[in-house]
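Numbering-wise (my numbering), the sequence shown opens with residue 19 and increments by one.
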Amino acid sequence: MERRNFIKTAILGGLAGAVNLNGNNLFAAGKMSVSASNDLVAVMGGEPREMYKKGIAAMGGISKYVKKGQKVVIKPNIGWDKRPEFAANTNPDLIAEIVKDCFIAGASEVTVFDHTCDEWQSCYRNSGIESAAKAEGAKMAFAHDEKYYKRVTLPNGVRLKEVLIHEAIIDCDVWINVPVLKNHGGARMTIAMKNFMGIVWDRRFWHANDLQQCIADCATYTKMPVLNIVDAYRIMTQNGPKGKSIEDVQTPKALFISADIVAVDTAAVRFFNQFRQMTLEEVSHIGIAEKMKVGTTDIDKLKVERIRIG
Numbered sequence: 019m020e021r022r023n024f025i026k027t028a029i030l031g032g033l034a035g036a037v038n039l040n041g042n043n044l045f046a047a048g049k050m051s052v053s054a055s056n057d058l059v060a061v062m063g064g065e066p067r068e069m070y071k072k073g074i075a076a077m078g079g080i081s082k083y084v085k086k087g088q089k090v091v092i093k094p095n096i097g098w099d100k101r102p103e104f105a106a107n108t109n110p111d112l113i114a115e116i117v118k119d120c121f122i123a124g125a126s127e128v129t130v131f132d133h134t135c136d137e138w139q140s141c142y143r144n145s146g147i148e149s150a151a152k153a154e155g156a157k158m159a160f161a162h163d164e165k166y167y168k169r170v171t172l173p174n175g176v177r178l179k180e181v182l183i184h185e186a187i188i189d190c191d192v193w194i195n196v197p198v199l200k201n202h203g204g205a206r207m208t209i210a211m212k213n214f215m216g217i218v219w220d221r222r223f224w225h226a227n228d229l230q231q232c233i234a235d236c237a238t239y240t241k242m243p244v245l246n247i248v249d250a251y252r253i254m255t256q257n258g259p260k261g262k263s264i265e266d267v268q269t270p271k272a273l274f275i276s277a278d279i280v281a282v283d284t285a286a287v288r289f290f291n292q293f294r295q296m297t298l299e300e301v302s303h304i305g306i307a308e309k310m311k312v313g314t315t316d317i318d319k320l321k322v323e324r325i326r327i328g
């Protein structure tokens with residue numbers, strides 16, 4: 019759906035943004051409950067820093083997930099040598115605000131990294147994430163050499179029985195997963211579980227050995243993120259994961275937050291479906307992960323708060 023038609027539909031419906039989730043309007047007008055015990059929060063209509071602040075407050079605040087003195091890792095998507103407007107990487111303003119919030123909560127250090135696909139220094143620089151994260155006091159970790167990874171076992175994995183995971187994830191106290199929502203040729207979608215491909219060394223094995231199953235397998239790793247924050251401020255609706263031009267990008271200005279990685283991916287796919295047809299069945303690693311008891315796709319049974327800004 020073209021953005022102008024999407025906005026027209028939203029206005030005609032009397033909404034700030036129309037999003038269907040299990041047949042219900044995710045951002046429907048009406049009084050929204052405010053609770054620190056929400057399972058999933060969906061925010062729409064603001065700028066990245068503002069959406070994060072509203073969203074994390076509805077999840078109980080960052081101090082619910084990050085404690086004083088803890089070492090925190092924030093894992094965005096920085097895979098591509100692309101500027102922020104191309105939506106190939108996570109929004110740098112969002113990352114900056116999360117870093118800032120973690121330090122306010124008392125984190126002793128905050129580390130940001132990704133195992134990039136394009137040349138890592140260019141990705142870190144041109145994504146805007148390196149400068150944004152450092153401006154708030156975070157450090158950027160190297161991830162371009164196998165020496166930075168340690169072998170871990172995945173007892174519940176089907177195709178992946180062991181994997182090399184970045185030492186920053188292994189050594190931290192907690193980590194926060196912050197993917198950008200976008201189309202992906204192989205995995206169909208890049209969201210929270212797919213973002214795990216940036217914490218491992220050998221991604222080639224995944225592509226050659228049932229990519230969807232491998233994504234779900236890695237999500238059985240015992241040290242899961244305390245939060246998954248899906249950046250949908252800008253989304254790449256075609257030609258992902260790198261994109262070809264600015265024509266591949268829409269700007270719906272949305273954000274999804276949950277500790278349940280399956281639930282947040284489910285919500286994000288159904289949101290994405292408003293712009294380009296995409297079903298949960300097509301993004302099969304989500305259903306596989308649910309069967310492996312990683313999380314749930316049954317959002318109707320969760321406590322969801324919907325926030326519209328403006």
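Every residue gets a Cβ at the ideal spot worked out from N, C-alpha and C, and that includes glycine.
Excluding residues up to 5 positions away in sequence, Ala161, Gly216 lie with their Cβ nearer than 6 Å to the Cβ of His133 in the same chain. DSSP places Lys262 in the coil class of the three-state scheme, outside both helix and strand. If you draw a straight line from the Cα of Trp98 to the Cα of Arg143, it comes to about 10 Å.
For Trp224, the enclosing alpha helix (DSSP H) begins and ends at 222 to 226. Taking 3 residues as the shortest admissible run, the stretch 175 to 230 contains the following complete beta strand (DSSP E) segments, listed from N- to C-terminal end: 180 to 184, 192 to 196, 198 to 202, 206 to 208. By the Cβ rule, the stretch 245 to 254 counts as touching the stretch 269 to 279, because three or more pairs are nearer than 8 Å. Around the CB of Thr240, fewer than 16 other CB atoms lie within 10 Å, so the residue is classed as exposed.
Relative to the Cα of Ala281, the nearest Cα in the group Val91, Ser263, Gly305, Lys260 belongs to Gly305. Annotation: Met62 is outside any alpha helix (DSSP H); the continuous beta strand (DSSP E) that includes it extends over 58 to 62. In this structure, the straight-line span from the alpha carbon of Phe293 to that of Thr208 is close to 15 Å.
Between the C-alpha atoms of Val198 and Ala307 there is a straight-line separation of about 20 Å.
Under a 10 Å Cβ-count criterion, Asn227 is classified as exposed, with fewer than 16 other Cβ atoms of the shown protein chains found around its own Cβ. Here Thr129 really is in contact with Cys190; their C-beta atoms are around 7 Å apart, less than 8 Å. Excluding residues up to 5 positions away in sequence, Val59, Val61, Leu273, Ile275 lie with their Cβ nearer than 6 Å to the Cβ of Gly73 in the same chain.
For Glu323, the uninterrupted beta strand (DSSP E) run begins and ends at 322 to 326, by DSSP. Counting C-beta pairs with one atom in each stretch, the stretch 147 to 156 and the stretch 111 to 118 have three or more that are closer than 8 Å, which means they touch. Linking Trp138 to Met211 through their CA atoms gives a straight-line distance of about 21 Å. In this chain, the alpha helix (DSSP H) harbouring Phe290 covers 279 to 290. DSSP lists no beta-bridge partner residue for Pro243. Phe104 and Lys309 have their C-alpha atoms some 34 Å from each other.
Out of Gln88, Ser55, Val91, the CA that lies nearest to the CA of Ala76 is found in Ser55. Following the DSSP letters along the chain, one finds Glu148 inside the alpha helix (DSSP H) bounded by residues 147 to 153. Nearest to Ala186 by alpha-carbon distance, out of Gly261, Ala159, Arg288, is Ala159. By alpha-carbon distance to Ile233, the top candidate from Gly87, Asp266, Glu180 is Glu180.
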